[in-house]
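>
Residue numbers (our numbering), protein chains in the order written: chain H, 60 to 337; chain Z, 127 to 387.
#1: Name the residues in the stretch 222-237 of chain H whose C-beta lies less than 8 angstroms from a C-beta of chain Z; which are they?
#2: Please decide whether residue 204 of chain Z counts as near chain H, where near means a Cβ-Cβ distance under 7 angstroms.
#3: What residues from chain H crowd round residue 209 of chain Z, counting only those whose CB sits closer than 8 angstroms?
#4: Please find out if some non-hydrogen atom of the ligand MG comes closer than 6 angstroms to the beta-carbon of residue 219 of chain H.
#5: Figure out for me which residue from Z/190, Z/164 and Z/210 has the closest Cα to the Cα of residue 183 of chain Z.
#6: Apart from the five residues on each side of it in sequence, which residues of its chain come closer than 7 angstroms, Cβ to Cβ, to residue 234 of chain H?
#7: Thinking C-alpha only, which one of Z/178, Z/162, Z/166 and Z/324 is nearest residue 150 of chain Z?
#8: For a cutoff of 7 angstroms on Cβ pairs, would you count residue 337 of chain H as touching chain Z?
#9: Taking Cβ positions only, does residue 333 of chain H come closer than 7 angstroms to chain C?
#10: At the level of alpha carbons, what is the spacing between residue 185 of chain H and residue 186 of chain Z?
#11: If you draw a straight line from the C-alpha of residue 377 of chain Z to the C-alpha of residue 220 of chain Z, how long is it?
#12: Below 8 angstroms, can you find three or more Cβ-Cβ pairs linking the stretch 310-328 of chain Z to the stretch 280-296 of chain Z?
#13: Less than 7 angstroms between the beta carbons of residue 336 of chain Z and residue 373 of chain Z, yes or no?
#14: So, using beta-carbon positions, are residue 203 of chain Z and residue 239 of chain H closer together than 7 angstroms?
#15: Is the number of C-beta pairs between the stretch 174-181 of chain H and the stretch 120-138 of chain H that are closer than 8 angstroms three or more?
#16: By Cβ distance, which residues of its chain are closer than 7 angstroms to residue 165 of chain H, with the 5 residues on each side in sequence left out?
#17: Quick one: using the 10 Å Cβ neighbour count with 16 as the cut-off for buried, is residue 78 of chain H buried or exposed?
#18: Here's the rule: buried if 16 or more other CB atoms are within 10 angstroms of the residue's CB, otherwise exposed. What is residue 303 of chain H?
#19: Using beta carbons (cut-off 7 angstroms, strictly below), is residue 213 of chain Z in contact with chain H?
#20: State buried or exposed for residue 358 of chain Z, treating a residue as buried only when at least 16 other CB atoms are found within 10 Å of its CB.
#21: Helix, strand or coil for residue 319 of chain Z per DSSP?
#22: Against chain Z, does residue 32 of chain H count as a neighbour if the rule is that its beta carbon must be under 7 angstroms from one of theirs?
#23: Any beta carbon of chain Z sitting closer than 7 angstroms to that of residue 262 of chain H?
#24: Between the stretch 171-185 of chain Z and chain H, which residues of the former have a C-beta closer than 8 angstroms to a C-beta of the latter?
Structure, rendered in structure tokens:
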């Protein structure tokens, strides 16, 4: 096997991913600059014009990159927005975890508590929680509180529901073992239910991270003067498409970083699992 | 001499809400196990052997009757009895060592002492060197050995075993039977062993208790009377076959009856 083939096989995942991303970027750039329009003009004639799009519609990788450079390193305007959004997001996510986990665990353990809160969880889960935004703004205005509240609403559901499922699907054989050694409720919870629930909780955390992001952006678009979401909204209304893309990509990057962190934690904490991936 | 374990007229009734019927699982079981004895329970499927074991351990409350350990009545699980279930049920997120110390943790033994005791028994069951392995890395037989060590480390007065080798393949099963006898000789415990396999029961035990079909009662108790130590080759001995035939006919009786009932 040649060294080229060898290299490819060992880094297959990174290679394939990178190639696809590069091809997409090149295609995108070409759309704005008219490469494909020019190239296919001899063949398609007039209709080749369709293959070039205005920069206010699609921008281009190079335009976005230079806007990003400006916003990050020249004017530094984006850092304030990032901090603003991060504050709301961090508080909202933390609150969602602190509320969601005990709520879900209790619902899983105490049947009657589950019956009591089921209607609310189901209702909340079935609706797009952002529909509550107008109500929230009426209650707490458009400040930090409103943004935190909407993020909590969005993020707490997957956490609570998964925590409940985690408790309910604890292996009954393990509970039997603990009982046979005379373990009381608290010990049972600490040594069997909680460790058993950890994979569920981490998976829920990944979901909550994504949904929380929705809360950040929608909350800010709806009623905030600063933050990434607000910046995207304002730039969009001024047709500054390159700035919009910078905002979107910033959020994407943040989300990916957070999820990667959770996955690293998962790998460390779940060393006891038999590997399943091929 | 006080029996190590005594069951006095144990009855167990179930109420089935779905069919609105009362089911009798155990209809007055009387049994005595002396100190250091190895006693097996066999019987037709569904006769209540496992249920009886759960009652002895205190996991299920009997509807009537008493369980006595060294002459004292017991009603809930306790450190004086330890169970080895058919399913190893090891905590998958703990290592072998972490699993073996679990019972000790539950009764409040300190970490260091628990670790020392656990190492001793991990060695006794032949898993020295595997202390830091996770359950998924072990074979079925090895997992059952961890299960056994976990029970033995509690230093129980009575070891209850519920078809512990049922999920192992035939060869591993035979090997484990022989090993169990070695370990039992070293540990000197009193054992109550439930199994479906008659040859296993005879090979391992001093006495074999034959349960009747549901509702469960003691039909007959057979003394094996073959000297120890016992080699696996014993299973082809004539005396062994005689006892096997006897037990089979006892069980067949009940299986036939329940089939034609």
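Ideal Cβ placement from N, Cα and C applies to all residues, glycine included.
Checking against the coordinates, here is how it stands:
#1: 230, 232, 233, 235, 236 and 237
#2: yes
#3: 239
#4: Although the ligand MG was asked about, the structure shown includes no ligands whatsoever.
#5: Ranking the options by Cα distance to residue 183 of chain Z, first place goes to Z/210.
#6: 247 and 251
#7: Checking every option, the nearest Cα to that of residue 150 of chain Z belongs to Z/178.
#8: Legend: pLDDT at residue 337 of chain H = 49, less than 50; position of this residue unreliable, value from coordinates given subsequently. Output row for residue 337 of chain H: interface = no.
#9: Among the protein chains in the structure shown, which are H and Z, there is no chain C.
#10: So the alpha carbons of these two residues sit roughly 41 angstroms apart.
#11: 41 angstroms
#12: yes
#13: yes
#14: yes
#15: no
#16: 172
#17: exposed
#18: Counting Cβ neighbours within 10 Å, residue 303 of chain H comes out buried, since at least 16 surround it.
#19: So yes, residue 213 of chain Z belongs to the interface.
#20: exposed
#21: Strand at residue 319 of chain Z.
#22: The requested residue 32 of chain H does not occur in the structure, where chain H is confined to residues 60 to 337.
#23: no
#24: 183 and 185
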